[in-house]
Structure formats: structure tokens, C-alpha cells
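Single-structure report; data block below.
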Amino acid sequence: GRPSHTSFSRRNGSDQGGRPETDTARRMAIGILGNGLHYAKQFEGALSVGEAELAMLRRVGAPEDIMLVAQGNLATTYNTLGRHEQAIHMFRDVHLGYARLLNEEDRSNIIAALGHTFPLLCLQRFAEAKALLQKMIPVAQRALGESDELTLRMRARYATALYGDPAATLDDLREAVATLEEIERTARRVLGGAHPLTEIIEDDLRKSRAALRARETPSPGSA
1 GRPSHTSFSR RNGSDQGGRP ETDTARRMAI GILGNGLHYA KQFEGALSVG
51 EAELAMLRRV GAPEDIMLVA QGNLATTYNT LGRHEQAIHM FRDVHLGYAR
101 LLNEEDRSNI IAALGHTFPL LCLQRFAEAK ALLQKMIPVA QRALGESDEL
151 TLRMRARYAT ALYGDPAATL DDLREAVATL EEIERTARRV LGGAHPLTEI
201 IEDDLRKSRA ALRARETPSP GSA
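Numbering-wise (UniProt numbering), the sequence shown opens with residue 1 and increments by one.
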């Protein structure tokens, strides 16, 4: 969801042409419309609204935290539409922005880092995704704890990057399986077996085990 824009209007009311209430209402209406279009799966419409919102926020000199929320929403829409390069650049800006504005361990920064990895994997840029996750997983573990849902998502994403890489070594595949076995138990205990993340982890575990079996089983005629 998006944060309240009340503090934004209070801080910026004096330079909004004498119409802070009107401008604040316009910003809120655009934000609500963008969210509604996204949840209704009207992604092209959500993209147009998101780009208009970001342009307006830049024009009025919005605080950076408000800008970062708008950029994060827009990056998500880019990714959903398959515009992965644009999503990567925007997620990177959001991730770096939160790290600078707040700190590396802030939940918003960790979420932005996780978002950044998705388009990287979509474009099969496995090395970049793994490097970012190797950096941020210890941050999430330290700041949020081992059993936090966001920490589990990051570790699941890392395992996916390991077994999904065509260049994965046998050790990579074994690490992916071991990681998913561990976090599947944690997710089942903390979130329950019916939770969507638990189901995603279970599916990834099946796929990683299949990849490992295929690698460990000699192909016919290879002896």
C-alpha cells in the first residue's frame, strides 16, 4: 500500500500555488486510481497513471520517501508488463534511495532489494541476482530474524537463482535443495502449510530436487 500523503501536504502546502488541499486530493486520487488499476490487472492503465504520478511528484518537489514509494509501485508495474530492463533500473534506484535515506536494515530497503532481483532473474542475469541476494540475506536475517516472511522470501529467491541457472554446478544444486528443505520447514511452522509462500517453496523444492536428480543420474551411454 501507499503511505498517507498528509505529512507531504503539510510540508509542501506553502509552495503549491495556494491550493494545497486540491493538489493533495489530486495526488491521493491518482495513487488510489493507480492501485485500483493494478489490482484489477489493468496494467497498461496503471503504468500510465504511475508515470503521471511520478512526474507530478517530481514537479512539486515531493519528499524522497514519497518519491520512492511511487517509484517502487511503478517498477512493479514495469516488471508485470515484462519491461524488465526498466524495472531493474527503477528498483535499483529505489533500493539505493532507501539505503541512503533510511538504512540498509530498514524493511523498505530489503523489500526493494528483493523486488530488484525478480526482473534480473526474468532476464536470466543470475550472477547479478545472486550477488545482490548474498549481500542482502544476512541483512534481512540480522534485522528481521530467520523466520520473518521477507527473510524466507529472500532465501527462496536465492535458491531459485541457484538451481535455475543453466551454469549451476552440482554444489549449487545441492545448496539450493538444502536451503529449500530448511526454509520449507520454517515456513510450514511459522506460516502454515496453506500459506502461498509455503506452497511456492514446496514447488521450488520439487523442481530443485528434480534438477539435482537429473544431474546426479548418469545419462544412458555415458559410462
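All C-beta atoms in this analysis are idealised placements derived from N, C-alpha and C, irrespective of residue type, glycine included. Keep in mind it's a predicted model, so treat the numbers as computed, not measured.
Do residue j and residue i come within 8 angstroms of each other at the CB atom, strictly closer than that value?
i	j	result
SER147	THR198	no
TYR163	ALA178	no
LEU114	LEU150	yes
residue 312	LEU133	The structure shown does not extend to residue 312, since the chain is modelled only from 1 to 223, so the question has no answer here.
ALA159	SER208	yes
Using C-beta distances below 8 angstroms, list every residue in its chain close to residue i, excluding the 5 sequence neighbours before and after it, in chain order.
i	result
ARG58	MET67
GLY50	GLY34, ALA70, ASN73, LEU74 and THR77
GLU184	THR198, ILE201, GLU202 and LEU205
LEU47	LEU74, THR77, TYR78 and LEU81
ALA40	Note that ALA40 has pLDDT 41, beneath the 50 cutoff, so the model's placement of it is unreliable and the number below is only indicative. Nothing listed; no residue qualifies.
ARG107	ALA143, LEU144 and LEU150
LEU180	ALA156, ALA159, ILE201, ASP204, LEU205 and SER208
ASN103	ASN109
Specify, as a first and last residue, the run of the alpha helix (DSSP H) that residue i falls within.
i	result
GLN134	126-144
ARG83	ARG83 -> no alpha helix (DSSP H), and no H or E assigned at all.
ALA214	196-216
PRO119	107-122
GLY164	149-164
LEU170	170-190
Can you tell which of the options has its C-alpha closest to the C-alpha of residue i?
i	options	result
GLU105	MET136, ALA131 and LEU114	MET136
ILE111	ARG189, LEU144 and HIS195	LEU144
ASP171	ALA211, ILE183 and LEU101	ALA211
LEU205	ALA156, PRO218, ALA168 and GLY192	ALA156
ASP65	ASP93, ARG189 and GLY193	ASP93
LEU101	GLN124, PRO63, CYS122 and GLU128	PRO63
VAL190	LEU152, ARG142, THR117 and LEU121	LEU152
THR117	MET154, GLY97 and VAL139	MET154
residue 276	ASN103, ALA214, SER108 and PRO218	No information on residue 276 is available, as it lies outside the stretch 1 to 223 that the chain covers here.
GLU216	PRO196, THR169, ALA194 and GLN124	THR169
Excluding the five sequence neighbours on either side, which residues of its own chain have a C-beta within less than 6 angstroms of the C-beta of residue i, listed in chain order?
i	result
PRO119	ASN79, HIS84, ALA87 and ILE88
ARG188	THR198
ASP165	PHE126
HIS38	Confidence in HIS38 is poor, its pLDDT being 49 and thus under 50, which makes the residue's placement unreliable; the coordinate value appears in the next sentence. Within the same chain, HIS38 has close Cβ partners ALA46.
Please work out which residues of its chain come closer than 7 angstroms, Cβ to Cβ, to residue i, disregarding the five sequence neighbours upstream and downstream, and give them in chain order.
i	result
GLU182	none
ALA167	none
residue 225	Because the chain in this structure spans residues 1 to 223, residue 225 falls outside the shown range and cannot be described.
GLN141	THR151
MET90	GLN71, LEU74, ALA75 and TYR78
Counting contacts by CB-CB distance shorter than 8 angstroms, is residue i in contact with chain C?
i	result
GLU85	Although the question refers to chain C, the structure presented lacks it and comprises just one protein chain.
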